[in-house]
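Participant: Quick one: structure below, then a few questions.
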Amino acid sequence: QVQLVESGGGWVQPGGSLRLSCAASGSIFSVSDVGWDRQAPGKERESVARLTGFGSTSYAVSAKGRFTISRDNAKNTVYLQMNSLSPEDTAVYYCNLYYLKNYWGQGTQVTVSS
18 QVQLVESGGG WVQPGGSLRL SCAASGSIFS VSDVGWDRQA PGKERESVAR LTGFGSTSYA
78 VSAKGRFTIS RDNAKNTVYL QMNSLSPEDT AVYYCNLYYL KNYWGQGTQV TVSS
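The sequence shown begins at 18 in the numbering used here and counts up by one.
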C-alpha cells in the first residue's frame, strides 16, 4: 500500500511562489508516474502536471511556463514549484501516484490573495 503526504501549501500574495512536496511510502516510487492535481471551490478536480517514470513531463495550459514538476527518487518525493501565482491558482492541491492503480494524498491548501 502506498501513502502520499503533501506539504508546502499555504498563503501567498499574487506573483509569489510556493513549492509543494509529496513524500511517498513504498518501493515503487521510482517506476511510477506521479503528478499534481488541484480542485478549486465549486470546480472539478483538474490535472496540473504529470511526470512519468521515464522522466517525461506534461502540464495543464494554465500551468505551463509557471509550474515545474520534479522528483527525487532517492527521497521518494515529488515536487511542484509554482511561480507567478495568481488568485486563480487557489485550490487544494493533491499529489497523485500511478502504478497499476491510482493513489492520492490528502491534499494541501494553496491560497493566493492580497
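Every residue gets a Cβ at the ideal spot worked out from N, C-alpha and C, and that includes glycine.
Source: prediction; values computed, not measured.
Quick check on residue 42: buried or exposed, where buried means 16 or more other Cβ atoms within 10 Å of its Cβ?
Facilitator: By 1-based counting over the sequence shown, the position of residue 42 is 25. Result: exposed.
Participant: Along the chain, which unbroken stretches of the beta strand (DSSP E) at least 3 residues long are found entirely within the region 58–90?
Facilitator: As far as the region 58–90 is concerned, its whole beta strand (DSSP E) runs of at least 3 residues are 63–68, 74–76 and 84–89.
Participant: Residue 35 and residue 51 look like a contact to me (Cβ under 8 Å); what is the Cβ gap, rounded to whole Å?
Facilitator: Position 18 of the sequence shown, counted from the first residue, corresponds to residue 35. Position 34 of the sequence shown, counted from the first residue, corresponds to residue 51. No, residue 35 and residue 51 are not in contact; Cβ-Cβ is about 18 Å, not under 8 Å.
Participant: Considering only DSSP beta bridges, list what residue 97 is partnered with.
Facilitator: Residue 97 sits at position 80 when you count from the first residue of the sequence shown. 37 and 86.
Participant: Excluding the five sequence neighbours on either side, which residues of its own chain have a C-beta within less than 6 Å of the C-beta of residue 118, listed in chain order?
Facilitator: In the sequence shown, the residue the question calls residue 118 occupies position 101. Here the set comprises nothing.
Participant: Just verifying my parser: in three-state terms, what is the DSSP assignment at residue 48?
Facilitator: As a first step, residue 48 is located in the sequence shown; it is residue number 31 there, counting from the start. It is helical.
Participant: Does the Cβ-Cβ distance between residue 122 and residue 115 come in under 7 Å?
Facilitator: Along the sequence shown, read from residue 1 onward, the residue named residue 122 stands at position 105. Along the sequence shown, read from residue 1 onward, the residue named residue 115 stands at position 98. For residue 122 and residue 115, no; Cβs fall outside 7 Å.
Participant: Could you work out which residue in 63, 24 and 89 is closest to residue 78 when comparing CA atoms only?
Facilitator: Locating residue 78 in the sequence shown gives position 61, where the first residue counts as 1. Looking at the Cα atoms, 63 is the closest of the given residues.
Participant: Have a look at residue 54 and residue 130 and give me their C-alpha separation to the nearest angstrom.
Facilitator: Your numbering for residue 54 matches position 37 in the sequence shown. Your numbering for residue 130 matches position 113 in the sequence shown. Cα to Cα, the separation comes out at about 20 Å.
Participant: With a CB to CB cut of under 8 Å and the five nearest residues on each side skipped, what residues in its chain are close to residue 29?
Facilitator: Translated into the one-based positions of the sequence shown, residue 29 becomes position 12. Contacts found: 35, 102, 127, 128 and 129.
Participant: Bridge partners for residue 27 per DSSP, in chain order?
Facilitator: For this step, residue 27 is matched to residue 10 along the sequence shown. DSSP lists 127 as partners of residue 27.
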